[in-house]
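In this note's numbering, the protein residues as written are 13 to 354. For each residue, glycine too, the CB sits at the ideal point set by N, CA and C. Take a look at the structure below.
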Amino acid sequence: MIEGKNLLDAKGVSVDFRINGKWLTALYNVDLAVKPGEVLALVGESGSGKSTFATSVIGLHSKNQARVSGSIVLDGHQIIGASDKEMQELRGVKVGMIFQDPLSALNPLMKIGDQISEAMEVHDVYPREKWENRTIELLKEVGITKPERVAKQYPHELSGGMRQRVMIALAIANEPDLIIADEPTTALDVTIQAQILDLIQEIQKKKKSGVLLITHDLGVVAEMADSVAVMYAGQIVESGSVEQVFENPTHPYTRSLLRANPSEDTTGDELYVIPGTVPSLADMDHSKDLFLQRVPWLADLAQEKVSDTPAEIEKGHFVRGNAWKDFSFPDEKTSKKKLKKW
Ligand SMILES: Nc1ncnc2c1ncn2[C@@H]1O[C@H](COP(=O)(O)OP(=O)(O)OP(=O)(O)O)[C@@H](O)[C@H]1O
Ligand SMILES: [Mg+2]
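This is how it looks when you write it as structure tokens:
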């Protein structure tokens, strides 16, 4: 690893998808960086482009269906435009991915132990004679108590939580510098969710890996992440340390997300619901602030064009556009300053 450098450095990343013969922009001009050992959370509603970004980092977009532009440098290697062979070498060793749905990522016809061995085979990090021991070790590491038995089983023979553990074992088999976890727990029940998140955190601390954690759950962000980037309609609208963004949420979308987040001291009745929905790709004009366009009482602010360069409102805390200066919720009677912590 190159010391003092970002592990992941994404600059001006855009992704267009071909949909019904037309190219539509799903991700626009995204800048994101993860330092070695850092946990960066990427948050935003469904359809905002989080997985599209993750898939760009592991180079898994189909070339016929997606155009990726900008720059994504992973530990000194440029991902955009890399050949399949180069990507295969980087995947696993530089970056490991934990997907939301382990069944789609695991091979249903292959025993767990063989899948983990195969992952090691691709990369040659471990010599063949060590694979079996390493497989058992890995399964133990992810909290599987009968690793010898599980190694001989097929994915469908395991529970959802166990499958997720197996996928984590696969993702870390070659000790990648960066782990991407895309909604790693949404398919699981609450107790197992907590265990899986603890496990990811434990591995991250032990191996000092960088983590890109994609989640809807702001409670998880507060607990696990060092920094956070908020994505709306394919753009980062705000980013900074977790402390900066949670203590001083500034973009109207960040403020809305936080206000809509159930926390221990709010009951369901009081919960704020963000009006409208994320626009469809065909309706996105990324030169404007798309969130303002969604919210009825912000129609006036929504007309302005927004610079592609976000404002740095405090060191390391970036916000897109400047409508936040005039933004307030309809029920806010006091000035924004007093309402920083609602
Ligand atoms: N392969 C694809 N082809 C066409 N459109 C796609 C493709 N993948 C994603 N999209 C579109 O891009 C937009 C962003 O989707 P994406 O899956 O990245 O969102 P997300 O933030 O991960 O949402 P979720 O929280 O539901 O996982 C959506 O409008 C989606 O329909
Ligand atoms: Mg997703």
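{"query": "Could you tell me whether the Cβ atoms of ILE84 and VAL69 are closer together than 8 Å?", "result": "yes"}
{"query": "Report the option in GLN216, LYS23, PRO264 whose CA atom is closest to the CA atom of ILE92.", "result": "LYS23"}
{"query": "Under the criterion of a Cβ to heavy atom distance below 7 Å, does ILE31 qualify as lining ligand 1?", "result": "yes"}
{"query": "Alpha carbons only, please: which of VAL134, MET236, GLN77 is nearest the one belonging to ILE208?", "result": "MET236"}
{"query": "Give me the residue from LYS164, ALA199, GLY222, VAL55 with the minimum Cα distance to ALA6.", "result": "In the structure displayed, the chain extends from 13 to 354; residue 6 sits before or after that span and is not available."}
{"query": "Evaluate the contact criterion for the stretch 304-314 versus the stretch 284-295: three or more CB pairs, one atom per stretch, below 8 Å.", "result": "yes"}
{"query": "Keeping to the same chain, check which residues put their C-beta closer than 6 Å to that of ILE31; ignore five residues upstream and five downstream.", "result": "none"}
{"query": "Return the bridge partner residues of ALA183 from the DSSP annotation.", "result": "Note: ALA183 sits in no beta bridge, so no partner."}
{"query": "Can ALA22 be considered in contact with ligand 1, in the sense that its beta carbon sits closer than 7 Å to one or more heavy atoms?", "result": "no"}
{"query": "May I ask you to list the residues that DSSP assigns as paired with ARG146?", "result": "Looking at the DSSP assignment, ARG146 forms no beta bridge with any residue, so it has no partner."}
{"query": "Where do the N-terminal and C-terminal ends of the alpha helix (DSSP H) with GLN247 fall, by residue?", "result": "Taken as a continuous stretch (DSSP letters only), GLN247 belongs to no alpha helix (DSSP H), being part of the beta strand (DSSP E) at 247-253."}
{"query": "Measuring CA to CA, which of GLY155, PHE65, ALA181 is closest to ASP110?", "result": "As written in the sequence, residue 110 is Ile, which differs from the Asp given in the question. With distances taken between Cα atoms, ILE110 lies closest to ALA181."}
{"query": "When the distance is taken between beta carbons, is SER26 closer than 8 Å to GLY82?", "result": "yes"}
{"query": "Taking its Cβ as the centre, do 16 or more other Cβ atoms sit within 10 Å of ASP210, making it buried, or is it exposed?", "result": "exposed"}
{"query": "List the endpoints of the continuous beta strand (DSSP E) containing ASP194.", "result": "190-194"}
{"query": "Could you check the C-alpha separation between GLU214 and SER129 for me, to the nearest Å?", "result": "23 Å"}
{"query": "Tell me whether ARG332 sits in a helix, a strand or coil according to DSSP, three-state version.", "result": "coil"}
{"query": "Considering only C-alpha positions, which residue in the set GLU153, VAL331, LEU200 is nearest to GLN216?", "result": "GLU153"}
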